[in-house]
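Asker: First the structure, then my questions, so here it is.
In structure tokens form, the structure reads like this:
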């Protein structure tokens, strides 16, 4: 269990153990949300956004016919230059 004190401005210092656990770095944003049971959970918003984006792209490469790095580079070239090389 870790304890943090709220300042007069409503700020807290996240204990080092929790920062490590969440992978928080200076400048990261944290997300607070309340579960149905009333508990409040803190999450690394940056990591959560990355996981959400990764899930959104699951299967996209297969759907686009991208099987390897050469296929990916060809798509980048097509996007940049309007043609596949």
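Residue numbers (our numbering): 2 to 86. Yeah, the Cβ is synthetic: ideal placement off N, Cα and C, and Gly gets one too.
(1) Could you pull out every residue in the same chain whose Cβ sits closer than 6 Å to the Cβ of residue 59, ignoring the five residues on either side in sequence?
(2) In three-state DSSP terms, what is residue 25?
(3) Taking the Cβ atom as the reference point for each residue, do residue 23 and residue 45 lie within a distance shorter than 8 Å?
(4) Can you tell me whether residue 32 is helix, strand or coil according to DSSP?
(5) Express the C-alpha separation of residue 62 and residue 68 in angstroms, rounding to a whole number.
(6) Buried or exposed, going by whether 16 or more other CB atoms sit within 10 Å of the CB of residue 51?
(7) Considering residue 77, what are the terminal residues of the alpha helix (DSSP H) in which it resides?
(8) Could you have a look at residue 43 and say whether DSSP puts it in helix, strand or coil?
Answerer: Result, derived from the coordinates:
(1) Counting from 1 along the chain shown, the entry for residue 59 is found at position 58. Correct list: empty, nothing qualifies.
(2) Position 24 of the chain shown, counted from the first residue, corresponds to residue 25. Per DSSP, reduced to three states, the secondary structure at residue 25 is coil, with no helix or strand assignment.
(3) To locate residue 23, count along the chain shown from 1; it is residue 22. To locate residue 45, count along the chain shown from 1; it is residue 44. With respect to residue 45, residue 23 sits close: the two C-beta atoms are nearer than 8 Å.
(4) The residue given as residue 32 occupies position 31 in the chain shown. Three-state result, residue 32: strand.
(5) Start at 1 with the first residue of the chain shown, and residue 68 comes out as number 67. Start at 1 with the first residue of the chain shown, and residue 62 comes out as number 61. One C-alpha to the other measures close to 7 Å.
(6) Walking along the chain shown from the start, residue 51 turns up at place 50. With fewer than 16 other Cβ atoms within 10 Å, it is exposed.
(7) As a working note, residue 77 is residue 76 in the chain shown. Per DSSP, residue 77 belongs to the alpha helix (DSSP H) from 70-82.
(8) Within the chain shown, residue 43 is the residue found at index 42, counting from 1. Residue 43: strand per DSSP, three-state reduction.
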